[in-house]
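Undergrad: Take this structure, written in structure tokens, and hold onto it; I'll ask about it next.
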Amino acid sequence: MAAAGSRYLAVIFPWLSADRLRHTRAHLFAGRADRPPVVFVEHAGRAARVAAIDAAAAQAGLEVGMIFSSAQAQVPALEWFPHDPRADLDWLDQLALGFERYTAEVTVSPADALVLRFQGCLGDFPSERALAADVENRLARRGLHVRCAFAKTPEAARALARYPGAAAPDEAGAIRRLPVAALDLDDEEAGLMAEAGLRTVGDVAARPPGAISSQFGPHVTEAVRRLMATVSSPRPVAPPPLRVERRSTPPLTRADELAPVVTDLMAEARMLLESRRQVPRRWQLTLFRGDGYARQSRIDGGAAAAIAGRLLAGHDGVCGPADEELGYDLIRLDALLVEPIGEGELYAAEMAPQADPALPRKSGTGRRASAEPSQLTLFAPTEPPVAPPPACPGNMAERPIHLFDPPQRLDAVVAGEAAGTPTSFRWRRRYHEVARADGPEQVADERARRGLTPRARDYYRLQDRRGRRFWIFRQVGEDERLQWFVHGLFA
């Protein structure tokens with residue numbers, strides 16, 4: 001049986017070749033008021049046959065497989081191009097990337113379909129119908145027509161999408177009504193079945209499997225079993241070790257808008273990996289546009305301050321002038337490769353370039369407050385002390401491993417009576433209840449001593465009920481109101 005709770009969405013591109021050509025070679029159709037039927041021709045021996053068509057050609061009565069000369073005689077005004085199945089498959093593979101906004105498990109099903117697997121959850125969508133409608137609407141914005149269907153197996157989903165028919169009382173009934181062509185038979189086999197009075201999948205399923213196998217071959221019986229969800233199908237590849245993402249309203253269009261989002265995602269990912277005692281070695285950034293288009297880049301781990309820029313380096317301008325109204329509404333960061341943290345290894349070493357030179361830093365095993373560049377270090381000591389002092393289980397790390405530059409504003413801060421320590425706050429649209437707190441601590445820096453930063457900052461080390469640790473501060477703003485900010489994250 002198919003995996004319990006698994007549902008598959010098949011997305012069929014009936015006019016894939018034509019859609020690919022209109023999007024990748026738009027100049028061939030630019031400035032033309034007429035849109036003649038388009039066919040794609042392949043040569044089989046001495047005969048030229050129609051291998052693919054567009055919607056206009058289908059409306060004109062042309063069909064895949066017919067002799068090209070017959071198609072020309074039937075529709076003299078048609079336009080034709082050589083069929084390029086490899087280019088179609090490459091473009092389908094590019095389209096598949098955009099579907100990862102719905103699920104990590106997306107597979108290309110040659111030659112014109114994508115299959116998405118869902119395991120017990122449809123994300124933000126209340127129903128399968130709503131999710132399929134979102135797919136169709138997004139692609140319609142790009143001028144792409146698709147047919148979608150859900151089923152228990154990928155084979156059944158593809159068949160239901162490829163051969164839509166009248167409504168059935170249930171999924172099993174819809175599958176039984178499918179034509180025998182849904183079994184992926186060749187013309188000769190389909191003809192033999194028609195002669196035997198077998199016109200639907202239900203007709204074939206009603207016959208004894210042994211009789212069908214002996215008459216038409218075991219592959220037909222196997223195809224029926226897959227459509228009827230009585231055998232399992234291979235599962236797609238597993239998702240990456242860690243995934244974090246942000247949705248943006250309105251969508252983002254420029255690299256300078258995306259860079260801080262990517263930096264924040266990286267900080268969140270590192271914090272989560274640190275809790276697992278893991279370190280990232282390879283990143284993957286995926287930008288999803290509102291019309292279903294997506295772009296992707298990968299890079300090996302390095303200094304975090306540089307990674308965000310390097311991930312976005314291949315997205316010059318990010319969105320072109322024609323795409324500015326769409327923008328990217330979903331930004332996803334995957335840690336593709338992670339490894340256990342080695343002894344003495346700190347993320348802080350990678351985060352050091354983002355440090356605020358106005359703040360004191362921990363160096364070695366001592367504490368000091370300085371703004372000298374040579375003293376701005378978050379690295380582990382090269383020579384640990386012979387007998388390091390025992391750590392107090394009640395204390396958190398003195399300084400964070402990641403700093404936000406600039407600090408990020410906190411909302412809805414509720415402060416208790418004891419030294420004004422926060423008891424709850426909201427950050428990134430999520431409420432955090434404080435479980436532990438330490439502070440306030442007034443951090444002195446060189447700029448404050450010189451009078452360049454007249455408003456003091458009181459810092460607190462907080463831990464929420466989910467175990468996340470924050471370095472926050474309060475200060476009086478120019479409007480004389482008390483303001484709160486998160487400046488860093490602890491391991």
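Okay, so the sequence shown: first residue is 1 according to full-length UniProt numbering, each after it adds one. Glycine included, each C-beta is placed from N, C-alpha and C at the ideal position.
(1) What would DSSP say about P85, mapped onto helix, strand or coil?
(2) Look at the alpha carbon of R428 and the alpha carbon of L252, and state the distance between them as a whole number of angstroms.
(3) For the beta strand (DSSP E) containing P251, name the first residue and the last one.
(4) So what does DSSP say about L359, is it helix, strand or coil?
(5) So for S424, helix, strand or coil by DSSP?
(6) Indicate the three-state DSSP secondary structure (helix, strand or coil) for V106 in the structure shown.
(7) Express the C-alpha separation of L92 and residue 493 in angstroms, rounding to a whole number.
(8) Kindly list the residues whose CB is nearer than 8 Å to the CB of A157, restricted to its own chain and excluding five residues on each side of it in sequence; keep chain order.
(9) Are the CB atoms of R247 and residue 493 within a distance shorter than 8 Å?
(10) Quick check: I212 and V204, are their CB atoms within less than 8 Å of each other?
(11) To the nearest angstrom, report how far apart R310 and I299 are at their CA atoms.
(12) Specify the secondary structure class of G439 as computed by DSSP and reduced to three states.
(13) Can you tell me whether A47 is buried or exposed, with buried defined as 16 or more other CB within 10 angstroms of its CB?
(14) As a quick exercise: from G439, D334, R142, pick the residue whose alpha carbon is nearest that of T24.
(15) Find out if the Cβ-Cβ distance for the pair R461, W471 is shorter than 8 Å.
(16) Out of R276, L272, V244, E274, state which residue places its alpha-carbon closest to the alpha-carbon of V261.
(17) Under three-state DSSP, which class holds F68?
(18) Which same chain residues end up closer than 6 Å to P14 when comparing Cβ atoms and leaving out the 5 residues on each side of it in sequence?
(19) Taking buried to mean at least 16 other C-beta atoms within 10 Å of its own C-beta, is F485 buried or exposed?
(20) Assuming Q463 and R436 form a contact by the criterion Cβ under 8 Å, report the distance between their Cβ atoms to the nearest whole angstrom.
(21) Excluding the five sequence neighbours on either side, which residues of its own chain have a C-beta within less than 8 Å of the C-beta of V38, listed in chain order?
(22) Just verifying my parser: in three-state terms, what is the DSSP assignment at H145?
(23) For S6, which beta-bridge partners are listed by DSSP?
(24) Looking at L265 and L312, is the spacing between their C-beta atoms short of 8 Å?
(25) CB of R207 to nearest heavy atom of the ligand COA: below 7 Å?
(26) Taking only the alpha-carbon atoms, compute the straight-line gap between G290 and G65 and give it to the nearest angstrom.
(27) Can you check whether the CB of D88 is closer than 8 Å to the CB of A71?
TA: Short version:
(1) Translated into the one-based positions of the sequence shown, residue 85 becomes position 85. The answer is helix: DSSP assigns P85 an H, G or I state.
(2) Counting from one through the sequence shown, the residue named residue 428 turns up at place 428. Counting from one through the sequence shown, the residue named residue 252 turns up at place 252. Rounded to the nearest angstrom, the two C-alpha atoms are 17 Å apart.
(3) Mapped onto the sequence shown, residue 251 falls at position 251. Its beta strand (DSSP E) spans residues 242 to 252.
(4) Within the sequence shown, the letter at position 359 stands for residue 359. Confidence in L359 is poor, its pLDDT being 36 and thus under 50, which makes the residue's placement unreliable; the coordinate value appears in the next sentence. Of the three classes helix, strand and coil, the one that applies to L359 here is coil, per DSSP.
(5) Here residue 424 is taken as the residue at index 424 of the sequence shown, counted from 1. In the structure shown, S424 sits in a strand (DSSP, three-state: E or B).
(6) Sequence index remark: in the sequence shown, residue 106 carries index 106 (1-based). Of the three classes helix, strand and coil, the one that applies to V106 here is strand, per DSSP.
(7) In this structure the chain extends from 1 to 491, so residue 493 is not present and cannot be described.
(8) Locating residue 157 in the sequence shown gives position 157, counting from the first residue. These residues qualify, in order along the chain: Y8, L9, A10, V115, A149, F150, A151.
(9) The structure shown does not extend to residue 493, since the chain is modelled only from 1 through 491, so no value can be given for it.
(10) Position 212 of the sequence shown holds residue 212. Position 204 of the sequence shown holds residue 204. Against a cut-off of 8 Å, the Cβ pair of V204 and I212 comes out as a contact.
(11) Position 310 of the sequence shown, counted from the first residue, corresponds to residue 310. Position 299 of the sequence shown, counted from the first residue, corresponds to residue 299. Their Cα atoms are separated by approximately 8 Å.
(12) In the sequence shown, the residue the question calls residue 439 occupies position 439. Strand.
(13) Position 47 of the sequence shown, counted from the first residue, corresponds to residue 47. A47 is exposed by the Cβ-count criterion.
(14) In the sequence shown, residue 24 corresponds to position 24, counting from 1. Per the Cα distances, R142.
(15) Taking the sequence shown and counting its residues from 1, one reaches residue 461 at position 461. Taking the sequence shown and counting its residues from 1, one reaches residue 471 at position 471. The answer is yes: Cβ separation under 8 Å.
(16) For this step, residue 261 is matched to residue 261 along the sequence shown. Nearest option by C-alpha distance: V244.
(17) Mapped onto the sequence shown, residue 68 falls at position 68. Looking at F68 - three-state DSSP - the assignment turns out to be helix.
(18) Residue 14 sits at position 14 when you count from the first residue of the sequence shown. Cβ within range, chain order: n/a, list empty.
(19) Stepping through the sequence shown from its first residue, residue 485 is reached at position 485. So F485 ends up on the buried side.
(20) Translated into positions along the sequence shown, residue 463 becomes position 463. Translated into positions along the sequence shown, residue 436 becomes position 436. Going by Cβ atoms, the distance from Q463 to R436 rounds to 4 Å, so yes, they are a contact pair.
(21) Locating residue 38 in the sequence shown gives position 38, counting from the first residue. Beyond the five residues adjoining it in sequence on each side, V38 comes within less than 8 Å, by CB distance, of A18, L21, I53, D54, A56, A57, L78, E79, W80, F81 in the same chain, given in chain order.
(22) Against the sequence shown, residue 145 aligns to sequence position 145. Note: H145 maps to coil in three-state DSSP.
(23) Here residue 6 refers to the residue found at position 6 of the sequence shown. Beta-bridge partners assigned by DSSP to S6: Q119.
(24) Here residue 312 is taken as the residue at index 312 of the sequence shown, counted from 1. Here residue 265 is taken as the residue at index 265 of the sequence shown, counted from 1. Their beta carbons are not under 8 Å apart, which means L312 does not touch L265 by this criterion.
(25) The ligand COA is not part of the structure shown, which contains no ligands of any sort.
(26) Within the sequence shown, the letter at position 290 stands for residue 290. Within the sequence shown, the letter at position 65 stands for residue 65. The alpha-carbon of G290 is positioned some 36 Å away from that of G65.
(27) Within the sequence shown, residue 71 is the residue found at index 71, counting from 1. Within the sequence shown, residue 88 is the residue found at index 88, counting from 1. Not in contact: A71 and D88 (Cβ atoms no closer than 8 Å).
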